[in-house]
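If you're matching them up, the sequences are chains R and X in order.
The working numbering applies: residue 1 is where the first sequence begins, and numbers increase by one.
The working numbering applies: residue 1001 is where the second sequence begins, and numbers increase by one.
These notes concern the structure reproduced below.
There are 2 protein chains.
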Amino acid sequence: MKSLLKQKKISETPFRLEVLEILESSKSAVSISFIEENLKSYNRITLYRTIKTFVDKGIIHPIAIAGSEVNYGLCSDSCEDEVHSHNHVHLKCNECKSVFCIETTLFPTIDLGKHKIESLEIQAKGICENCRAS
Amino acid sequence: MKSLLKQKKISETPFRLEVLEILESSKSAVSISFIEENLKSYNRITLYRTIKTFVDKGIIHPIAIAGSEVNYGLCSDSCEDEVHSHNHVHLKCNECKSVFCIETTLFPTIDLGKHKIESLEIQAKGICENCRAS
DNA sequence: GAATTAATTGCAACAATGTTGCAATTAATA
DNA sequence: TATTAATTGCAACATTGTTGCAATTAATTC
């Protein structure tokens, strides 16, 4: 079983593995500043380049929500290089502020008349499972 | 009939009126850089403050789409101060790169299990009516 | 309509975020 | 293990967004 980085045909470096580790161990999507805070030794420039490479290779995808930093979540298998497929919902919790990628089986279709739709992304705001329980 | 700015209880200044004019004359949502380019005399600092005021007062709402600048669109009547209601779709045209707010009558509901949803926003990418026609 | 009050503007200075060229280093390949 | 190709990190810069404060302008009161 090849490692994710080798699968994606990019060099396996300690820095990239550490970033990946942070992404994998977080249940929610994470911001660049979160990654910075959790890196042992961090270099801003290398981090920006790492994020860019990961996005380009389909390892992570950016989630933009107005008023929040951009967050990055690991892509599911359906994402290929540079073509991110997003048949899931992004939920931002109004309480803990975390952003989650949630798979849904039933993805709605909408009609925009004469406009042609090529992809859809749903952004929800609300209270996440965790925060509701506590 | 009170002007929009007076309705929203903020001072009517030439600068604000000019920004409003740009927003109203554009069919799509616009970015800060677009506004800058179209202002006769522009001051970055004042523009940032104007945008912030307009968002806070429910005159415009920000639209964040990953990989694009944030765009601002005029709010419909359903937006109140600081509480933007978004039962419309944001469409980014892959060709002309414009971002449109489109009202839809049929707004879908989705089920996120144990997560509680408080608001939904749909972001579509595709080809807008104009670009399809030409 | 002039005087007062309150809000807005713009400068200077700064803070945060993101980018590029290039030499040194490290990983992959032969 | 030697070679090649990719990655890293420094220095320097570019862009984007923010804050305090004095001057100006708009709204309000008389």
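Glycine residues also receive a C-beta, built at the ideal position from the N, C-alpha and C atoms.
{"Item": "Return the chain-ordered list of same chain residues with a C-beta closer than 7 Å to the C-beta of residue 1028 of chain X, the five sequence neighbours on each side being excluded.", "Value": "1098, 1099 and 1100"}
{"Item": "Can you check whether the CB of residue 1126 of chain X is closer than 8 Å to the CB of residue 110 of chain R?", "Value": "no"}
{"Item": "Using a cut-off of 7 Å between C-beta atoms, extract the partners of residue 1062 of chain X located in chain R.", "Value": "66 and 67"}
{"Item": "So for residue 1114 of chain X, helix, strand or coil by DSSP?", "Value": "coil"}
{"Item": "Residue 1119 of chain X touches chain R at which residues, Cβ-Cβ below 8 Å?", "Value": "124, 125 and 126"}
{"Item": "So which residues on chain X does residue 108 of chain R lean against when the C-beta distance must stay under 7 Å?", "Value": "1108 and 1110"}
{"Item": "Using a Cβ-Cβ distance cut-off of 8 Å, determine whether residue 47 of chain R contacts chain X.", "Value": "no"}
{"Item": "Using DSSP with H/G/I as helix, E/B as strand and the rest coil, what is residue 1081 of chain X?", "Value": "In this prediction, residue 1081 of chain X scores a pLDDT of 47, lower than 50, which makes its location untrustworthy; no coordinate-derived value is stated."}
{"Item": "Which whole runs of the beta strand (DSSP E) in the region 1028-1102 of chain X are 3 residues long or more, in chain order?", "Value": "1060-1063, 1071-1074 and 1088-1093"}
{"Item": "At least one CB of chain R closer than 8 Å to the CB of residue 1103 of chain X: is that the case?", "Value": "no"}
{"Item": "Pull the bridge partners of residue 123 of chain R from the DSSP assignment, please.", "Value": "R:90 and X:1121"}
{"Item": "Which of the three DSSP states, helix, strand or coil, is assigned to residue 1108 of chain X?", "Value": "coil"}
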